[in-house]
Every structure is written in structure tokens, then in C-alpha cells.
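94 is the number that the numbering used here gives to position 50 of the sequence shown; each next residue is one higher, with no gaps. Every residue gets a Cβ at the ideal spot worked out from N, C-alpha and C, and that includes glycine. The model shown is predicted, which means the values in this text are computed figures rather than measured ones. Report on the structure given below.
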Amino acid sequence: ILLGRGVDAPMLVIFLGAIGGLLLSGILGLFIGPVVLVFGYTLFMDWLAHEAESAENI
């Protein structure tokens, strides 16, 4: 939940990361899960932006 203040990611992504991490790894996953999911989300959104930009240049 504290991750949501400093990162430009939807709260749903952070929440799903926390729940998924808790289910997979217990209390440690509660903190690691959102970080991993937000990192993946950020990479995916940057990739989509890059693809859209390169499609405009064609």
C-alpha cells in the first residue's frame, strides 16, 4: 500500500501484487509481490509506448 504513493501505477496492480505475493510466498511475498508486479507493469507500458511511437514513424 505504501508503494502506491511513489509509483505511477494503478492501485489495482499494487493490490493484486500484494494478494498474489501473500498467497505464493507468505508475509515476505506481501512486500515483494507488488514490487515485482509494478516493475513488470511499468516495463509493459513502456514497451507499448515505444511500439506506438515506432508505428507513427513508419
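(request) Can you have a look at residue 82 and say buried or exposed, based on whether 16 or more other CB atoms are within 10 angstroms of its CB? (result) As a first step, residue 82 is located in the sequence shown; it is residue number 38 there, counting from the start. So residue 82 ends up on the buried side.
(message) Let's see if you can read the secondary structure: which residues bound the alpha helix (DSSP H) around residue 99?
(response) Position 55 of the sequence shown, counting from 1, holds the residue named residue 99. From DSSP, the alpha helix (DSSP H) with residue 99 extends over 71-100.
(message) Please state the DSSP three-state secondary structure of residue 57.
(response) Along the sequence shown, read from residue 1 onward, the residue named residue 57 stands at position 13. DSSP, reduced to helix, strand and coil, places residue 57 within a helical segment of the structure shown.
(message) Am I right that residue 65 and residue 73 are in contact with their C-beta atoms under 8 Å? What's the rounded C-beta distance?
(response) Residue 65 sits at position 21 when you count from the first residue of the sequence shown. Residue 73 sits at position 29 when you count from the first residue of the sequence shown. Under the criterion of beta carbons closer than 8 Å, residue 65 and residue 73 qualify as touching, at roughly 3 Å.
(message) Among the candidates 86, 59, 68, whose CA atom is the shortest distance from the CA of residue 52?
(response) Taking the sequence shown and counting its residues from 1, one reaches residue 52 at position 8. Of the candidates 86, 59, 68, the one whose C-alpha sits nearest the C-alpha of residue 52 is 86.
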